[in-house]
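Residue numbers (my numbering): 74 to 413.
Beta carbons: idealized from backbone N, C-alpha and C, even for Gly.
Model, not experiment: these values are computed from the prediction.
The structure appears below as structure tokens.
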């Protein structure tokens with residue numbers, strides 16, 4: 074059994090073929106899709122966070138709205154770029170959204186990837202300290218976020234407050250118990266996956282990672298996951314770790330599916346540079362009739378190692394079509410792989 078979620082980048086553009094032409098379209102359709110996905114049995118609704126782009130950005134209003142309109146589906150991000158965040162304010166936003174959802178947030182965070190503008194986090198008022206890189210800054214903020222999510226008091230109360238305080242040091246409110254244990258780290262390398270395990274974060278591994286040995290993508294990703302699990306065990310955490318992998322998977326059920334995605338099934342892993350000095354490997358997309366998909370996916374080592382799979386969706390094609398995409402996997406592919 075695996076948990077099956079979807080991952081939306083939340084694109085919009087004024088294009089005649091798009092159902093999501095404005096930011097409003099994308100936000101409202103994101104809520105509607107989460108509701109519909111819960112109804113058909115999808116386990117998670119996850120959203121990408123990109124700044125300075127016509128895509129989903131500020132996640133917490135959306136997560137809270139979805140939490141208020143659904144009952145069981147996990148609600149998450151993949152991922153929040155911590156270089157742009159105020160960790161303390163984020164604790165308050167996350168706590169509020171988690172309480173609204175009844176404790177269903179599964180927040181993916183990361184040190185971030187290349188963005189639409191140069192050093193976009195500087196426009197948000199953040200600068201690495203002397204001797205730090207922006208990646209160091211992102212990881213430091215992540216650790217502060219994790220620490221404050223514990224709910225321990227740390228701030229000295231005013232001796233003459235406007236409202237009465239409880240005794241002792243004060244913590245951030247609203248506090249949501251258990252949220253600290255539902256934070257995931259998006260890792261692009263083996264080393265950061267091990268670091269995430271040491272910090273007690275679950276692991277999100279996407280459709281790309283740094284190329285560390287030239288092996289096929291799914292093999293490298295499986296090796297990353299095994300290293301993560303070993304590090305988690307060595308750290309002595311009492312909880313069970315969770316691991317998600319993202320995949321573009323399309324079951325070709327009709328002519329419309331074949332028109333949109335029929336050629337994607339012929340692809341292979343590819344290589345490129347998401348940072349000037351680091352070669353990355355990008356996993357292939359899967360698109361075929363259900364029986365062929367089952368045979369192909371059975372050989373994906375990383376999927377075997379993960380407990381959660383996030384299906385990347387073409388959100389610009391609208392809610393109805395994306396429900397069809399997800400339902401096709403649930404009904405015609407997942408049972409054949411033992412995911413259901």
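Worksheet item: If you scan the region 315–399 from start to end, which runs of the alpha helix (DSSP H) of 4 or more residues do you find wholly inside it?
Response: 328–334, 363–370, 374–378
Item to complete: Specify the secondary structure class of residue 170 as computed by DSSP and reduced to three states.
Response: helix
Discussion item. Considering Cα atoms alone, identify which of 346, 344, 321 is closest to residue 399.
Written reply: 321
Item to complete: Rounded to whole angstroms, what's the CA-CA distance from residue 174 to residue 115? Just pull it up for me.
Response: 16 Å
Fill in: For residue 154: DSSP bridge partner residues
183
Fill in: Simplified DSSP assignment, three categories, for residue 412
coil
Worksheet item: What residue range is occupied by the uninterrupted beta strand (DSSP E) comprising residue 277?
Response: 275–278
Worksheet item: What does DSSP give as the partner residues of residue 81 in its beta bridges?
Response: 120
Fill in: Distance, residue 260 Cα to residue 269 Cα
8 Å
Worksheet item: Count the other CB atoms within 10 Å of the CB of residue 249; is the residue buried (16 or more) or exposed (fewer)?
Response: buried
Worksheet item: Does the separation of the CB atoms of residue 184 and residue 284 fall below 8 Å?
Response: no
Worksheet item: What three-state label does DSSP hand residue 104 in the structure shown?
Response: helix
Worksheet item: Exposed or buried, what is residue 190 when buried is set at 16 or more other beta-carbons lying within 10 Å of its beta-carbon?
Response: exposed
Worksheet entry | residue 380 and residue 315 closer than 8 Å at C-beta | yes
Discussion item. So, at 6 Å on beta carbons, what are the nonlocal neighbours of residue 193 in its own chain, with the 5 sequence-adjacent residues on each side left out?
Written reply: 124, 125
Worksheet entry | Where residue 233 falls, given that 16 or more other Cβ within 10 Å makes a residue buried | exposed
Worksheet item: Taking Cβ positions, are residue 264 and residue 301 nearer each other than 8 Å?
Response: no
Worksheet item: What's the C-alpha gap between residue 204 and residue 197?
Response: 20 Å
Worksheet item: Rounded C-beta distance between residue 223 and residue 253? I'm assuming under 8 Å.
Response: 6 Å
Worksheet item: Across which residues does DSSP place residue 227 in a beta bridge pair?
Response: None, per the DSSP bridge assignment.
Item to complete: Pull up the distance between the alpha-carbon of residue 177 and that of residue 119, whole angstroms please.
Response: 12 Å
Fill in: Cβ pair residue 160, residue 200 closer than 8 Å
no
Fill in: Rounded separation between residue 227 and residue 90 - CA only
52 Å
Practice prompt. Determine, using beta carbons only, whether residue 113 and residue 182 come nearer to each other than 8 Å.
Written response: no
Item to complete: Kindly indicate the opening and closing residues of the beta strand (DSSP E) around residue 281.
Response: 281–283
Discussion item. Just to confirm the assignment, what range does the alpha helix (DSSP H) spanning residue 139 have?
Written reply: 133–142
Discussion item. Please report the distance separating the alpha-carbon of residue 387 from that of residue 102.
Written reply: 12 Å
Practice prompt. Would you kindly check if the distance between the Cβ of residue 169 and the Cβ of residue 247 is under 8 Å?
Written response: yes
Practice prompt. With a 10 Å radius around its C-beta and 16 neighbouring C-beta atoms as the bar for buried, classify residue 179 as buried or exposed.
Written response: buried
Item to complete: Consult DSSP for residue 193 and reduce its assignment to one of helix, strand or coil.
Response: helix
Practice prompt. Return the residue from the list 96, 334, 279 that minimises the CA-CA distance to residue 395.
Written response: 334
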